[in-house]
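Asker: My structure is below; once you've seen it, I'll send some questions.
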Ligand code: UDX
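Numbering (my numbering), first residue to last: 2 to 434.
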């Protein structure tokens, strides 16, 4: 099939590349000339495991191309994916200016039947707005489909190639048939393509993300309570998670959820509720608890240093909002670092991928280390913010030797408490004695 993808951010790029992998001819459109040039030269603009291999293979096979021309994109694709940003507006709602702007242009440029597929996460009712924006500018026949993505950063290629389910919101059989043909190679395992109306598809995405964010937040509250009553959240987690109605996944407490999706989507669903006179009390609580959780380690650090962290140096392992990504959007590390900087502390950070992004944001406010152990030199304490594999089995003897105060504050519960203790290190984690 001939496919065009408008927008080559993280979702658009993964979508375009993976659709090329199953033999489709894919043309990706982006307004950023420099980015398009780089991609034409085979450069992947984001860090996402395995994407580079597929990217190179499909460019070589002439199945994956790039352009800045929306007209070319519309002439090429029978199916047009919209993978455009929906940034958070000041009031928490999703800003639709990019999607509706492109929809209007599509209406003006389209000359034959197209299926316009919305991949972006958008409030309920957006597909109707997209239809209106296209129809106002065109008399050509077209269909709009809502096809939310459920890709996790760091696993996006695998999630796209082997999805647990594909949700297609459409009301025309012609569009449904095209979408089923397009996605057939990805559901050979028998996982379903779930067909529904557009509004339900739009809400499915928000409901899934808000539920997962709530699940994590619930566990964070249980962990905070464990700290108060001397229980161990690891034991509670395993005890709960073995009930298949609850499930083992997404029960890991820590310093809060971050990233480009959960924070934005929970707020957007909350705002959509308000707009429809529905007060999502549970989401209100999730947003507040998560905000507090991001800096939950700071009072503990302050208590350890008798409320005097001025001129203390903290080594920070992990800056990305989660492992296997260089993404620092809503990363808890930044909130912790900013609070410590405000209190006059110094930071020496190490992250395998995210340091360039943090450097762009914080400049010289913090020091960056080329190695996880170098970050410990002259540091008073170690703070762990991201569970990169490299931090999971460290040399505790080295940590002890280098730190002035022999203490680790672990926001990701990476170690058995007895391991650092064996080396005489103080160890504070989340919800565990
Ligand atoms: C998420 C959804 O999983 C994905 O389906 C959607 O399309 C986009 O949003 P992503 O943001 O890439 O994906 O990361 P994910 O692995 O889901 O983690 C989200 C956040 O939750 C991270 O900050 C992570 O650290 C946190 N988390 C996750 C926990 O704190 N505990 C857990 O048990 C799981």
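Cβ coordinates follow ideal geometry from the N, Cα and C atoms, glycine included.
1) If you run the structure through DSSP and keep just helix, strand and coil, what is residue 147?
2) How should residue 215 be labelled, buried or exposed, when 16 other C-beta atoms within 10 angstroms of its C-beta is the threshold for buried?
3) Quick check: what's the CA-CA separation for residue 275 versus residue 225?
4) Give a yes or no on whether the C-beta atoms belonging to residue 99 and residue 85 are separated by under 7 Å.
5) Flag this pair as yes or no: are the beta carbons of residue 207 and residue 266 separated by less than 7 Å?
6) For the alpha helix (DSSP H) containing residue 184, list its first residue and its last residue.
7) Report the residue from 56, 68, 58, 408 whose alpha carbon sits nearest the alpha carbon of residue 1.
8) Measure the alpha-carbon distance for residue 339 versus residue 252 and round it to whole angstroms.
9) Taking only runs of the alpha helix (DSSP H) that begin and end inside the stretch 332-402, which ones reach a length of at least 4 residues, in chain order?
10) Between which two residues does the alpha helix (DSSP H) harbouring residue 140 extend?
11) Kindly examine ligand 1 and report whether one of its heavy atoms sits closer than 6 Å to the Cβ of residue 163.
12) With residue 1 and residue 184 assumed to form a contact (beta carbons below 8 Å), what rounded beta-carbon distance in angstroms separates them?
13) Of all the beta strand (DSSP E) runs that stay within the bounds of the stretch 24-67, which reach a length of 3 or more residues?
14) Where residue 17 and residue 38 are concerned, what is the direct C-alpha to C-alpha distance, given to the nearest angstrom?
15) Need the endpoints of the beta strand (DSSP E) that residue 83 sits in, please.
16) Say whether the stretch 383-392 touches the stretch 403-422, bearing in mind that this needs 3 or more beta-carbon pairs closer than 8 Å, one atom from each stretch.
17) In whole angstroms, what is the alpha-carbon distance linking residue 68 and residue 46?
18) Look up residue 429 in the DSSP assignment and give the residues it is bridged to.
19) DSSP beta-bridge partners for residue 315?
20) Could you tell me the alpha carbon to alpha carbon distance between residue 310 and residue 341, rounded to whole angstroms?
21) Is residue 397 closer than 7 Å to residue 424 when the C-beta atoms are compared?
22) Distance, Cα to Cα, residue 58 vs residue 164?
23) In the stretch 201-285, which residue ranges form an unbroken beta strand (DSSP E) of at least 3 residues, counting only runs that do not cross its ends?
24) From which residue to which residue does the alpha helix (DSSP H) around residue 302 run?
25) So who's on the other strand from residue 3, going by DSSP bridges?
26) Look at the alpha carbon of residue 21 and the alpha carbon of residue 60, and state the distance between them as a whole number of angstroms.
27) In angstroms with no decimal places, state the Cα-to-Cα distance between residue 170 and residue 179.
28) Quickly, what does DSSP pair residue 89 with across the bridge? List them, please.
29) Cβ of residue 322 within 6 Å of any heavy atom in ligand 1?
30) Using 6 Å as the cut-off, classify the Cβ of residue 154 as near or not near the heavy atoms of ligand 1, replying yes or no.
31) To the nearest angstrom, how far is it from the Cα of residue 136 to the Cα of residue 105?
32) Is it the case that the CB of residue 262 approaches a heavy atom of ligand 1 more closely than 6 Å?
33) How about the stretch 2-13 and the stretch 22-31: do they share at least three Cβ pairs that are nearer than 8 Å?
34) Here's a check: name, in chain order, each residue in its chain whose Cβ is nearer than 6 Å to the Cβ of residue 23, leaving out the five neighbours to either side.
35) So, for residue 194: in the same chain, excluding its five sequence neighbours on each side, which residues have a beta-carbon less than 7 Å away from its beta-carbon?
36) Alpha carbon to alpha carbon, how far is residue 205 from residue 123?
Answerer: Reading from the atomic positions:
1) DSSP places residue 147 in strand when its eight states are reduced to three.
2) So residue 215 ends up on the buried side.
3) 29 Å
4) yes
5) yes
6) Looking at the DSSP string, the run of the alpha helix (DSSP H) that includes residue 184 is 174-184.
7) The structure shown does not extend to residue 1, since the chain is modelled only from 2 through 434, so no value can be given for it.
8) 27 Å
9) Here the runs fully enclosed are 333-343, 356-363.
10) Residue 140 -> no alpha helix (DSSP H), and no H or E assigned at all.
11) no
12) The structure shown does not extend to residue 1, since the chain is modelled only from 2 to 434, so the question has no answer here.
13) 26-30
14) 16 Å
15) 80-83
16) Because the criterion of three Cβ pairs below 8 Å is met, the stretch 383-392 and the stretch 403-422 touch.
17) 15 Å
18) Within the DSSP secondary-structure output, residue 429 pairs in a beta bridge with 410.
19) 348, 382
20) Straight across, the Cα-Cα distance linking residue 310 with residue 341 is about 8 Å.
21) yes
22) 21 Å
23) none
24) 298-305
25) The partner list for residue 3 (beta bridge, DSSP) reads 26.
26) 9 Å
27) 13 Å
28) 95
29) Between ligand 1 and residue 322, a heavy atom-to-CB distance of less than 6 Å is present.
30) yes
31) 8 Å
32) yes
33) Counting C-beta pairs with one atom in each stretch, the stretch 2-13 and the stretch 22-31 have three or more that are closer than 8 Å, which means they touch.
34) 186
35) 167, 169, 181, 184, 188
36) CA-to-CA, the gap between residue 205 and residue 123 works out to about 11 Å.
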